[in-house]
Amino acid sequence: MTSTPPETRPFRPADLGTIAVVAWSGEHHDGKGDMPYLLAYTLGDGPDGPEASVAAARALLAQNGVPVGGPVVDAAKQPSFPVTLLVEAGQAILNMPPLNAQCMVPPEWLAAVKKRGHACFLFSTVPWPEGKPGVEMTEETLAAYAGDEDMLAAAAHCLLPARSLRS
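Heads up: the sequence shown runs through residues 53 to 219, numbered per our numbering.
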């Protein structure tokens, strides 16, 4: 029996493995204060290994019309953009059909998203097994991954309007 290579088979959520989301805020080059960032990534621990996780992440993004490595997509200018961000009860809740993911966000992130009205969202197709949920993450560790040129070139970049249940 032969199996379909992970890079050519249709999207299967299980191939992603564990998806994690991390939030932080930091100075942005536009000079308007802190930018709230959200980074989604796979640990690469899907049943068929990291290569299948990469292929699944790329397939998920393609299925939703989100370009990898391309320009920053401003979802506010695309009313039917399938990726949405809900900010409620100290959490960021991302919806990208067929997935939903959420993470607790720090107070400074909430302040930045309230000021700007949107967050910069990156979905990395590069697995990050060291970024396990529940494990303490240092600023240096996050900066090394989030600032890696190869990771950034293989990620989707979006500005997502921040919605709440009250808006």
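Don't be surprised by glycine CBs; every beta carbon is placed ideally from N, CA and C. All of these numbers come straight from a predicted model, not from anything done at the bench.
Could you give the distance in angstroms between the alpha-carbon of residue i and the alpha-carbon of residue j?
| i | j | result |
| --- | --- | --- |
| Pro150 | Val125 | 20 angstroms |
| Glu201 | Ser216 | 33 angstroms |
| Glu79 | Asp100 | 38 angstroms |
| Pro213 | Trp161 | 14 angstroms |
| Ala87 | Arg168 | Correcting the residue type first, residue 87 is Met in the shown sequence and not Ala. C-alpha separation (whole angstroms): 8 angstroms. |
| Glu182 | Ser176 | 14 angstroms |
| Lys166 | Ile145 | 15 angstroms |
| Leu211 | Ala127 | 6 angstroms |
| Gly122 | Val135 | 16 angstroms |
| Leu137 | Lys84 | 21 angstroms |
In the structure shown, what three-state DSSP assignment does residue i receive?
| i | result |
| --- | --- |
| Pro158 | coil |
| Arg168 | helix |
| Pro213 | strand |
| Met148 | strand |
| Ala206 | coil |
Which term fits residue i, buried or exposed, when burial requires 16 or more other beta carbons within 10 angstroms of its beta carbon?
| i | result |
| --- | --- |
| His170 | buried |
| Asp82 | exposed |
| Val157 | buried |
| Ala198 | buried |
| Ala114 | exposed |
| Pro159 | exposed |
| Ala205 | exposed |
| Ala208 | buried |
| Tyr93 | buried |
3-residue-minimum beta strand (DSSP E) runs that sit fully inside the region 70-140, ordered along the chain: 71-79, 86-94, 136-140
Three or more beta-carbon pairs under 8 angstroms between the region 64-74 and the region 99-115, yes or no? yes
Just checking, does the region 186-193 make contact with the region 110-120 on the three C-beta pairs under 8 angstroms criterion? no
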